[in-house]
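Numbering (the UniProt record's numbering), first residue to last: 1 to 619. C-beta atoms are modelled at their ideal positions from N, C-alpha and C, and glycine is treated no differently. See structure below.
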DNA sequence: CATCGAGGCGCG
DNA sequence: AAAGCGCGCCTCGATG
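And the structure:
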């Protein structure tokens, strides 16, 4: 494995420094290129032995993608820092004990190749500076808006262009030099902050209780960062004309001069008639609640789950209106105008954006696309979609985490919930689902709580495992996922209340609230382990899939990931590759299970569908 | 005028 | 039929 660390220290004056280092961060060589030549340098150097090390994938990778350059692996220093700094398995490391630094902050805003992060470093030598220094590469940066990048750009081989001009000759010489270097080299810039951070991280990993698992976590988190950048670059194929058609069908014509779409307006009139109030505004919750109560409904909120249980003529039109209103405001024409450009939706994925390790997204609500509009996600002509999701991922993960063989056995087939019925544990599939979800979330009331004794009897190891995670959380402790991501500690106020709970002198509502809060944190840690470990499986799955896809098709028409939703992936593929993609999806899932849990007999079946559009794939 | 929390609802 | 985990984003209405 060759590590090449990329940084743009202020001493390099807008140029980019490439360091060849070993796994401990020892420098063997370094080379400085003008920022504009950075993509050529990467293209010339990258191969299947190189792992690129950089502070933020979201900063360095998009300019490469714009040039049609793809890297195979990276080590994202900021994402890895967050994991290693808080993991219980690296708690003794200098990294964990260091004071707060810029590495603990969110990704900073930067111009495409300038580094303003560590500009307090000494500017002691002028090596690499001078007239040749250039700022900015002229390519779109990570903050380019949706639609700045269109169809997959495979316009030209960047390798070819690199092999031509002066930059190419320079890089070519560098490659030869790198290949021949066997002796550590001096660091001509003094200490580079990215380099130092890389060394701290590698040291923390090496000294960790579980270097294998934690190393895998850091690797797949970084692979996720590459995938997130690639998916944003390619975008989800989105047919604005079909979206418009869906909206018009559901809501009526788009209003031209303000006001509601006609079908919504008609419902408003119906709702007003049903409650005998000709003027109230159903979009205002206080207004609506008042109107409902005056009409004789004994509701305490306007939420749909409460309304659903009420027998009154206003309920049906009101629920219909709420659904339409949601579609109109969240994914209506305004959404379409804002987020879809040139047939693509380019959401920004936030890797590690959720405490558990799941991804978040910002801009356009990419992870909450309602079923209603999924019909607008349509493959290009000659292309199709492969949509795959992991069936009952979290319970299967739980069976492996806890080593519960009987639960793993229930997961041997396609449908774990049905298997619970077949094993005689519960009487219906629905009960199985409610019961399992209740165990994962820590339900204490209702139907799912009533199922707990049966589940405990059938799967003692699994249920004890989540119960223990909850107990740890209730005491304010830390739990850790399978690969080593640890839960955050409760904040100061939590501990203040926790004292009230254990202090024998405190009684009544105050104590009640304290206990309630402790249980709430327990439910969080209970779920953290399962949700977080499931996210790790999903990342292994997707990283493996990405590698397989890279071998398929041709550079001009290669299947590529376009969407990821916790336990579901979407690949946009030439029709001719679809079956190969389906096979890869299954193979990658099997690989992920083995990678995480070795020989433990847990299975992770995925359901993969080939379809021209997303709605059909889910239907 | 901008910002924030609450209520609500979409997704897993 | 049901209330327990994790999110982002919309509107309204209160507050600065």
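Whole-Å CB distance - residue i paired with residue j, under 8 Å assumed
i           : j           : result
residue 214 : residue 89  : 6 Å
residue 61  : residue 385 : With a Cβ gap of about 24 Å, residue 61 and residue 385 do not count as contacting.
residue 243 : residue 336 : 5 Å
residue 573 : residue 559 : 4 Å
residue 414 : residue 458 : At roughly 20 Å, the Cβ-Cβ gap does not stay under 8 Å, so residue 414 and residue 458 are not in contact.
residue 268 : residue 291 : Their Cβ separation, rounded to whole angstroms, is 12 Å, which puts residue 268 and residue 291 out of contact at 8 Å.
Counterpart residues of residue i in DSSP-defined beta bridges
i           : result
residue 480 : 486
residue 3   : 21, 51
residue 556 : Partner(s): none; residue 556 has no beta bridge.
residue 237 : 344
residue 637 : This structure gives no information on residue 637, because the portion of the chain shown stretches from 1 to 619.
residue 570 : 387, 563
residue 607 : 389
residue 377 : 238
residue 16  : 33
Residue i versus residue j - alpha carbon distance
i           : j           : result
residue 307 : residue 319 : 8 Å
residue 521 : residue 496 : 14 Å
residue 356 : residue 373 : 28 Å
residue 297 : residue 310 : 8 Å
residue 401 : residue 241 : 46 Å
residue 468 : residue 96  : 26 Å
residue 227 : residue 359 : 12 Å
residue 391 : residue 281 : 43 Å
residue 77  : residue 421 : 46 Å
residue 27  : residue 21  : 4 Å
residue 345 : residue 361 : 13 Å
residue 502 : residue 273 : 55 Å
residue 51  : residue 523 : 38 Å
residue 411 : residue 354 : 27 Å
residue 474 : residue 456 : 20 Å
residue 55  : residue 102 : 11 Å
residue 327 : residue 367 : 15 Å
residue 539 : residue 220 : 6 Å
residue 408 : residue 315 : 44 Å
residue 204 : residue 210 : 11 Å
residue 552 : residue 577 : 7 Å
residue 270 : residue 278 : 10 Å
residue 441 : residue 483 : 21 Å
residue 232 : residue 34  : 26 Å
residue 133 : residue 544 : Confidence is the limiting factor: at residue 133 the pLDDT is only 26, short of 50, which leaves the residue's position unreliable and the question unanswerable from this model.
residue 436 : residue 444 : 13 Å
residue 600 : residue 594 : 8 Å
residue 508 : residue 494 : 18 Å
residue 153 : residue 254 : Model confidence at residue 153 stands at a pLDDT of 28, short of 50, so the residue's coordinates are unreliable; what they give is reported in the following sentence. Cα to Cα, residue 153 sits roughly 34 Å from residue 254.
residue 375 : residue 426 : 36 Å
residue 109 : residue 94  : 28 Å
residue 238 : residue 283 : 29 Å
Coil, strand or helix - residue i by DSSP
i           : result
residue 660 : The requested residue 660 does not occur in the structure, where the chain is confined to residues 1 to 619.
residue 30  : strand
residue 462 : helix
residue 318 : helix
residue 613 : strand
residue 76  : strand
residue 253 : coil
residue 662 : The chain is shown from 1 up to 619; residue 662 falls before or after that span and cannot be answered.
residue 278 : coil
residue 86  : helix
residue 475 : coil
residue 107 : coil
residue 426 : coil
residue 56  : coil
residue 332 : coil
residue 542 : helix
residue 369 : coil
residue 414 : coil
Please determine if the region 258-269 and the region 337-344 are in contact, where contact requires at least 3 C-beta pairs separated by less than 8 Å.
no
Report yes or no: do three or more beta-carbon pairs, one from the region 566-580 and one from the region 506-524, lie closer than 8 Å?
The region 566-580 makes no contact with the region 506-524; the number of CB pairs closer than 8 Å stays below 3.
Does the contact criterion of 3 or more C-beta pairs under 8 Å hold for the region 392-401 versus the region 597-604?
Yes, the region 392-401 is in contact with the region 597-604.
Are there three or more Cβ pairs, one per stretch, closer than 8 Å when the region 483-496 is compared with the region 81-88?
yes
Given 8 Å as the limit, is there contact between the region 191-207 and the region 4-24, that is, 3 or more CB pairs closer than that?
Segments in contact, yes.
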